[in-house]
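Everything below concerns the one structure shown next.
In this note's numbering, the protein residues as written are 1 to 289.
The structure is reproduced here in structure tokens:
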């Protein structure tokens, strides 16, 4: 999978996928989720018919897996020929999920973050945090990277791996130009009072309607989402704050709404099947060469 999926190709593929989705060219029901309790896991089904492909991703999230030393998120993607319905490929979706999420954040950062952004703050120290560092450095030249995690030990280890500095969440965020929240938190870890005016936030955790990563103050800024329908059903940051969604990212990428990049912007990312299908097609086509 790593051999056939390259971030430099994935970012523009995500931009096209988001534009197609917001233009109404994609058939994609909101993710269907079954709660598995006990142990408190989630089983999600994400189908989509896109301009180029047809398929479904099955994704699971079990927070307790961290105690077992195995991934909290696992996924499988099934691609189908849209012309015949014939199966094309079954592939692991965990790496695709990691990379496409970061690639979408990179597309948002490229459009919305200050062009001269120098400081990146990462709240979280897992696979998404690592993938975001890789992707965001392709669209901005950061001179400093700051890291916070609920586990100081994990923060120090992650910071050492990427050449960053570990510190408190507030110190990491203050004066940062781009912030990423990539945690499993169910309560807000980012406060709007910490944000530098004109900065950009990519929020990729809190994918349930009663979970938060961002406080109400943060949500008073200009809010973009990947899907309005999904955000109003799945995002606790959107639902519980009562914020008004400004636009879908695909609308801004297509030039249908002003990006308002001179203001403080929030991109609330939930992840969509159209992104998974686009990424899986990159792998499938590369593997056939």
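Using N, Cα and C, we set each Cβ at its ideal position, and we do this for glycine too.
Please read all numbers here as calculations on a predicted model, not as lab measurements.
Decide if the segment 47–57 is in contact with the segment 25–39; the criterion is three or more beta carbon pairs, one per stretch, under 8 Å apart. In short, these stretches touch, since the Cβ pair count reaches three.
Smallest Cα separation from residue 191: which of 216, 5, 159 and 275?
Nearest option by C-alpha distance: 216.
Between which two residues does the alpha helix (DSSP H) holding residue 52 run? Neither: residue 52 is in no alpha helix (DSSP H) and is coded neither H nor E.
Residue range of the unbroken alpha helix (DSSP H) whose run includes residue 153: Residue 153: member of the alpha helix (DSSP H) spanning 152–162, first to last residue.
### Closest residue to residue 275 among 118, 20 and 1 (Cα-Cα distance)
It is 20.
task = Identify every run of the beta strand (DSSP E) within the segment 77–152, keeping only runs that are complete inside it and at least 3 residues long; order them along the chain.
result = Correct list: 87–92, 119–123 and 144–148.
Within 10 Å of its beta-carbon, does residue 250 have 16 or more other beta-carbons around it, so buried, or fewer, so exposed? Its Cβ being crowded by 16 or more others within 10 Å, residue 250 is buried.
**Study point:** Helix, strand or coil at residue 282 according to DSSP, with G and I counted as helix
**Key:** Residue 282: helix per DSSP, three-state reduction.
Collapsed DSSP secondary structure at residue 41 in the structure displayed: In the structure shown, residue 41 adopts extended strand secondary structure according to DSSP, grouped into three states.
*Answer with buried or exposed for residue 202, where buried requires no fewer than 16 other C-beta atoms within 10 angstroms of its C-beta.*
By the beta-carbon neighbour count (other beta carbons within 10 angstroms, threshold 16), residue 202 is buried.
Once you ignore the five residues that flank residue 179 on each side, which residues in its own chain have a CB closer than 6 Å to its CB?
These residues qualify, in order along the chain: 121, 173 and 201.
Hey, would you say residue 63 sits closer than 9 Å to residue 40, going by beta carbons? It is a contact, given that the beta carbons lie within the stated cut-off.
Segment contact, 8 Å Cβ cut-off, at least three pairs: the segment 181–189 with the segment 154–161:
The segment 181–189 is not in contact with the segment 154–161.
(request) Could you tell me the distance, in whole angstroms, from the CA atom of residue 269 to the CA atom of residue 105? (result) Whole-angstrom Cα-Cα distance: 8 Å.
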